[in-house]
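What follows is a set of notes on a single structure, which appears directly below.
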Amino acid sequence: MLLADIKNIFHKELDDLYPVEEVDSFFYRVIEHYLGLERFVLVLQPQLTITKEEEQPIFEALAQLRLEKPLQYILGIAHFMDLEIKVNENVLIPRPETEELVQWVISDLEHPTSNTKHRASSTKHQTPDLRILDIGTGSGCIAIAIAKNWPAAQVHALDISEEALQLATENAKLNEVSVEFFQGDIRNISENIAQEYDIIVSNPPYVRELEKKEIQNNVKKYEPGLALFVPDEDPLVFYRTITEYATTHLKPGGKLFLEINQYLSKETEQLLRDSNFVNLELRKDIFGNFRMLKGVKTS
Numbered sequence: 001m002l003l004a005d006i007k008n009i010f011h012k013e014l015d016d017l018y019p020v021e022e023v024d025s026f027f028y029r030v031i032e033h034y035l036g037l038e039r040f041v042l043v044l045q046p047q048l049t050i051t052k053e054e055e056q057p058i059f060e061a062l063a064q065l066r067l068e069k070p071l072q073y074i075l076g077i078a079h080f081m082d083l084e085i086k087v088n089e090n091v092l093i094p095r096p097e098t099e100e101l102v103q104w105v106i107s108d109l110e111h112p113t114s115n116t117k118h119r120a121s122s123t124k125h126q127t128p129d130l131r132i133l134d135i136g137t138g139s140g141c142i143a144i145a146i147a148k149n150w151p152a153a154q155v156h157a158l159d160i161s162e163e164a165l166q167l168a169t170e171n172a173k174l175n176e177v178s179v180e181f182f183q184g185d186i187r188n189i190s191e192n193i194a195q196e197y198d199i200i201v202s203n204p205p206y207v208r209e210l211e212k213k214e215i216q217n218n219v220k221k222y223e224p225g226l227a228l229f230v231p232d233e234d235p236l237v238f239y240r241t242i243t244e245y246a247t248t249h250l251k252p253g254g255k256l257f258l259e260i261n262q263y264l265s266k267e268t269e270q271l272l273r274d275s276n277f278v279n280l281e282l283r284k285d286i287f288g289n290f291r292m293l294k295g296v297k298t299s
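Right, dumping it as structure tokens:
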């Protein structure tokens, strides 16, 4: 079959579900993944024909897209800060807003503002004592990206899901970084990671049940609810627990970085303030929503 005809079939089957530009993107990402073909192939070879065997995974992907399954789950791969991250339905698909959180952490390491001794130099290779903990690591994307950009650091990561940690371990190997993973619930954390950290970072569940109507169908149908949703009556449950943990496990001057619910930014900021964190800073994401929060533990 002509590859151009397959592209037309993609639009015929998917244009009622997705924007036309997104369908184009799906098609080109699928043929790149399964056939190794670049986006401009149809310009150079408009009559390019592929075999029945080559067609099969492409049409299987199309069928799953008709069911609104996220393309990242179909291909088993997501991209995060120039890294390739394996994903499946046991973990959230990494998002651009989370990239911004990681970029903030890395920028803060490179341009320190607090007075802890390991930050006397901004040279990465002169900070072997730096300890960083990622809480609720999922695919491991946050911990792995930090470890890739700051290889001298000791990076630890925690998640309650054994399946998520198996995938995160694979991703660390895939990206050739050293991250130590722990299984556990932050609400009842074991002592095996009860040590002091310079930085704690987390993107915990924060979407309230009442906000489900704002969530796309493909997210609600396929991404793990355990990693997304919190009860309406206690939406800051994980932030409260993480903050309590951080008050006893951050070094003096250590920093807590959080991805947050845009509708609860002030409440989350007040939670840190009430826990005696200082130099609080809220930041907006690329969409103009307050999505990130940083606090510094007092001495």
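In full-length UniProt numbering, the protein residues as written are 1 to 299.
A virtual CB, placed ideally from N, CA and C, is assigned to each residue, including glycine.
All of these numbers come straight from a predicted model, not from anything done at the bench.
Residue i: buried (16+ other C-beta within 10 angstroms of its C-beta) or exposed?
| i | result |
| --- | --- |
| Leu-67 | exposed |
| Glu-99 | buried |
| Gln-72 | buried |
| Arg-291 | buried |
| Thr-49 | exposed |
| Asn-171 | buried |
| Thr-123 | The pLDDT assigned to Thr-123 is 44, lower than 50, so where the model puts this residue is not dependable, and the model offers no usable value. |
| Arg-119 | Confidence is the limiting factor: at Arg-119 the pLDDT is only 42, short of 50, which leaves the residue's position unreliable, though a coordinate-based value still follows. Arg-119 comes out buried. |
| Pro-252 | exposed |
| Glu-269 | buried |
| Phe-257 | buried |
| Val-278 | exposed |
| Val-63 | It is Ala, not Val, that sits at residue 63 in the sequence shown. Under this definition Ala-63 is an exposed residue. |
| Val-30 | buried |
| residue 319 | Lying outside 1 to 299, the shown extent of the chain, residue 319 is not represented and no answer is given. |
| Ser-121 | Annotation note: pLDDT 39 at Ser-121 (below 50); position unreliable, coordinate value reported separately. So Ser-121 ends up on the exposed side. |
| Val-23 | buried |
| Asn-188 | exposed |
| His-125 | Any reading at His-125 needs caution, since the residue's pLDDT is 46, under 50, leaving its predicted position unreliable; the model's value is listed next. His-125 comes out exposed. |
| Asn-115 | At Asn-115 the pLDDT is 44, less than 50, meaning the model places this residue with poor confidence and gives no usable figure here. |
| Asp-15 | exposed |
| Asn-149 | buried |
Could you say which of the options lies nearest to residue i if we only look at CA atoms?
| i | options | result |
| --- | --- | --- |
| Gln-166 | Thr-137, Lys-148 and Tyr-18 | Thr-137 |
| Asn-275 | Thr-243, His-156, Lys-212 and Asn-149 | Note on identity: in this sequence residue 275 is Ser, with Asn being the wrong assignment. Among Thr-243, His-156, Lys-212 and Asn-149, the Cα nearest to that of Ser-275 belongs to Thr-243. |
| His-156 | Glu-32, Glu-163, Ile-144 and Asn-149 | Ile-144 |
| Val-179 | Pro-204, Ala-147 and Arg-283 | Ala-147 |
| Thr-169 | Gln-195, Ile-106, Leu-65 and Ser-139 | Ser-139 |
| Val-296 | Phe-238, Glu-214, Tyr-239 and Ile-199 | Ile-199 |
| Phe-59 | Ile-189, Phe-26 and Ile-286 | Phe-26 |
| Ile-135 | Lys-7, Lys-220 and Ala-246 | Ala-246 |
| Asn-217 | Lys-7, Tyr-18 and Asn-149 | Tyr-18 |
| Lys-255 | Glu-196, Gly-288 and Lys-212 | Glu-196 |
| Lys-52 | Met-1, Asp-5, Asn-289 and Ser-107 | Met-1 |
| Arg-95 | Ser-299, Asp-285 and Thr-298 | Asp-285 |
| Ser-202 | Tyr-239, Pro-224, Gln-56 and Gly-76 | Tyr-239 |
| Ser-299 | Ala-4, Gly-288 and Leu-250 | Leu-250 |
| Gly-184 | Phe-10, Glu-54, Pro-205 and Ser-161 | Ser-161 |
| Phe-287 | Val-237, Asp-15, Phe-181 and Glu-97 | Glu-97 |
| Glu-211 | Pro-224, Asn-261 and Val-237 | Asn-261 |
If I follow the unbroken alpha helix (DSSP H) through residue i, where does it start and stop?
| i | result |
| --- | --- |
| Ile-74 | 71 to 75 |
| Val-20 | 20 to 35 |
| Asn-218 | 217 to 222 |
| Leu-280 | No alpha helix (DSSP H) contains Leu-280, which is instead part of the beta strand (DSSP E) from 277 to 284. |
| Phe-290 | Per DSSP, Phe-290 belongs to no alpha helix (DSSP H); it is in the beta strand (DSSP E), 290 to 297. |
| Leu-44 | 41 to 44 |
| Leu-48 | Element bounds for Leu-48: n/a, residue is neither H nor E. |
| Glu-110 | 96 to 110 |
| Phe-10 | 3 to 14 |
What are the boundary residues of the beta strand (DSSP E) that residue i is part of?
| i | result |
| --- | --- |
| Asp-232 | No beta strand (DSSP E) contains Asp-232, which DSSP labels as neither H nor E. |
| His-156 | 154 to 159 |
| Glu-84 | 83 to 86 |
| Phe-257 | 250 to 259 |
Am I right that residue i and residue j are in contact with their C-beta atoms under 8 angstroms? What's the rounded C-beta distance?
| i | j | result |
| --- | --- | --- |
| Val-177 | Arg-208 | Incorrect: roughly 34 angstroms between the Cβ atoms, too far for contact. |
| Glu-89 | Tyr-222 | 6 angstroms |
| Gln-154 | Leu-130 | 7 angstroms |
| Ile-186 | Leu-158 | 7 angstroms |
| Lys-266 | Glu-281 | Wrong, their Cβ atoms sit about 13 angstroms apart, outside the cutoff. |
| Ala-164 | Val-91 | 5 angstroms |
| Phe-80 | Cys-141 | 4 angstroms |
| Ile-77 | Lys-69 | Actually they are not in contact, since the Cβ atoms of Ile-77 and Lys-69 sit about 14 angstroms apart, beyond 8 angstroms. |
Do residue i and the ligand ZN come close, with the Cβ less than 6 angstroms from some heavy atom?
| i | result |
| --- | --- |
| Lys-294 | For the ligand ZN, the structure offers nothing, since it holds no ligand at all. |
TODO: Starting from the N-terminal side, write out each stretch of the beta strand (DSSP E) that is 3 residues or longer and does not extend beyond the UniProt domain "Methyltransferase small" (129 to 212).
DONE: Runs of the beta strand (DSSP E) inside the UniProt domain "Methyltransferase small" (129 to 212): 131 to 135, 154 to 159, 180 to 183 and 197 to 202.
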